[in-house]
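Participant:
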Amino acid sequence: MSSTIGSLTIATSFVNLNFPEKIHPPIATGSNPLYKLAIRYKIRSNRREIPYPMPTQKILTRDFLLSFFAQFAFSSVFCILIPTLPIYLSRSGSPEAEIGVLIGTFSVSSLILRPFIGRALLKIPERNFMIAGAILYAFSSIAYLLASPFWPFFIVRVLQGMGLAFFSTASFTLIANISPEAHRGQSLSYYYLAINIAFVLAPYFGMLLINLFNFTILFLVCTGLSLSSLFITTNLEKRKVDPLPYSSFRDQSFVSREALPSSIMAFMVNIVWGAILAFFPLYALSHGVSNPGLFFGALAIVHVLGRALGGKILDIYSRERVILPCLIAYIISMVTLAFSKTLPMFILVAVIWGIGNAFLYPTLVAYVIDRASFSRGLAMGTFSALADLGSGLGSVIMGIILQLTNYTTMFLALAFTGIINLLYFQFFVRKKGGGRYAYL
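Structure below.
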């Protein structure tokens, strides 16, 4: 009994030491058994409660859950339109070049707005932008019924892209702000599940709607989902933003330099994503795979499982240790895809790529937030803008390469993009300590 009391006394003294405010809990637990003893007896510091381990319910707060379901409904609209909107435009008589412009306009309008929204989030609550985004999504969904290609439809696509920029930039900023610092990676990983689950279910549901009913029903369902997202968002707590001095706000640029390292990596990651989304279905069909959607379904399932079961990994290990194997997985998957011609091989590629992507994207977002200090909205605006740019340029650049060469060369070019990303991370971010501006 006396030995137990003595151990507790020593452990209490250990916990009450003045640790640096940003100490990473796993580093502390790795080598000192007294820290574990203190956690076992739930001893608290006189400064703050030890942040490790933290119950999941501390992450799954009311606002987190509301935002999660609002994001799911919002993302379902986007995912429903991925396979169906090109079919709608084709049946409306639009040529391929016109379809490409109308589909791409959505990303471009979102890309242009994100840095401005990020800057505005320094003064305006995230909830306001999420509400505005959901309203624009609902309006554009119903407007599809009346807008004919080209210019009326073009305007609707611009409005919907604005809605995406408003909602997604603000929603991820909200999650970053309400998440416990020591478990931010796990929190973001869970939040990404809203998008992943929508990506699993919504494209199939959209095709089902146009096969069983018509495009009118499809657009009405999109309107209903947008209104559901709006209703959920209005129930979020009205958070206050600590106002910056006018001079400090005026001095803020539209680009967060702290966010550039992760944003550059996300840009190269999304070059791969944009190219695969545009050209893999054609590649699969050319090799006798009648349903290329199986590839994306497998990818989405791996995302869901990885982020649901392995979300804690993002906080157990340092960001750098998580990012490195994920980038390697990207390279391996693209090299494998270059020489794959059967459905089992395509599924294998989806699994390898999905494992890397399941952990990489939430980690990059957490990496941004870790370095953003008070300007998290601006950081997320910068990150999202460069990520969108990568998605847009990926299909364009790889389309030119494909036209001049073949699929094997294009996929190897994507693998080379992954190698460049790995080298950038290793020598300009990781080796130099992930400094503030990644030594750009």
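The end of the sequence shown is residue 556 by the working numbering, with every number in the run present. Virtual Cβ for every residue (Gly too), placed ideally from N, Cα, C.
Thinking just about the alpha-carbon of each residue, which of L459, I429 and A292 is nearest to the one in G404?
Facilitator: Within the sequence shown, residue 404 is the residue found at index 288, counting from 1. Nearest of L459, I429 and A292 to G404, Cα basis: L459.
Participant: Just reading off the alpha helix (DSSP H) that S345 is part of, what are its end residues?
Facilitator: Here residue 345 refers to the residue found at position 229 when the sequence shown is read from its first residue. Note, S345: alpha helix (DSSP H), F331 to T350.
Participant: Assuming S342 contacts G277 (C-beta within less than 8 Å), just tell me the rounded distance between them.
Facilitator: Translated into the one-based positions of the sequence shown, residue 342 becomes position 226. Translated into the one-based positions of the sequence shown, residue 277 becomes position 161. At roughly 14 Å, the Cβ-Cβ gap does not stay under 8 Å, so S342 and G277 are not in contact.
Participant: Sorted by chain position, which residues of the same chain lie with C-beta nearer than 6 Å to G470's C-beta, five sequence neighbours on each side aside?
Facilitator: Taking the first residue of the sequence shown as 1, we reach residue 470 at position 354. Result list for G470: L415, V418 and H419, in chain order.
Participant: Do you know how far the Cα of R492 is from the Cα of P377?
Facilitator: Working through the sequence shown from its first residue, we reach residue 377 at position 261. Working through the sequence shown from its first residue, we reach residue 492 at position 376. Straight-line Cα distance between these residues: approximately 15 Å.
Participant: Along the chain, where does the alpha helix (DSSP H) containing H419 start, and where does it finish?
Facilitator: Reading the sequence shown from its first residue, position 303 is the one you call residue 419. H419 -> alpha helix (DSSP H) spans G409 to L425.
Participant: Counting pairs of Cβ atoms below 8 Å between the stretch 507-526 and the stretch 255-274, do you hit three or more?
Facilitator: The stretch 507-526 vs the stretch 255-274: no contact.
Participant: Let me check understanding here. Comparing Cα to Cα, which of L425, R207, F184 and I535 lies closest to S344?
Facilitator: By one-based count along the sequence shown, residue 344 stands at place 228. Nearest option by C-alpha distance: F184.
Participant: Do you know how far the Cα of E436 is from the Cα of K547?
Facilitator: For the purposes of this step, residue 547 is taken as residue 431 along the sequence shown, with counting starting at 1. For the purposes of this step, residue 436 is taken as residue 320 along the sequence shown, with counting starting at 1. For K547 and E436, the distance between alpha carbons rounds to 10 Å.
Participant: Contact check, L304 vs V481 under 8 Å by CB: the rounded distance?
Facilitator: Counted from its first residue, the sequence shown places residue 304 at position 188. Counted from its first residue, the sequence shown places residue 481 at position 365. Confirmed, about 5 Å.
Participant: In this structure, does DSSP put N522 in helix, strand or coil?
Facilitator: Indexing the sequence shown from 1 puts residue 522 at position 406. If DSSP states are grouped into helix, strand and coil, N522 belongs with coil.
Participant: Once DSSP output is grouped into helix, strand and coil, what is the label at F455?
Facilitator: The residue labelled residue 455 in the question sits at position 339 within the sequence shown. Note: F455 maps to coil in three-state DSSP.
Participant: If you check the beta carbons only, do G249 and G279 fall under 8 Å apart?
Facilitator: One-based indexing of the sequence shown puts residue 249 at position 133. One-based indexing of the sequence shown puts residue 279 at position 163. Contact flag set, yes.
Participant: Can you look up I240 in the DSSP assignment and give me helix, strand or coil?
Facilitator: On the sequence shown, position 124 is the one that residue 240 refers to. I240: coil per DSSP, three-state reduction.
Participant: Leaving out the 5 sequence neighbours to the left and right, which residues in its chain are closer than 7 Å to I97 when beta-carbon positions are compared?
Facilitator: This structure cannot speak to residue 97, because the chain is shown only from 117 to 556.
Participant: DSSP three-state label for R487, please.
Facilitator: Here residue 487 is taken as the residue at index 371 of the sequence shown, counted from 1. If DSSP states are grouped into helix, strand and coil, R487 belongs with coil.
Participant: For Y253, which three-state DSSP category applies?
Facilitator: On the sequence shown, residue 253 is found 137 positions in, with the first residue counted as 1. Of the three classes helix, strand and coil, the one that applies to Y253 here is helix, per DSSP.
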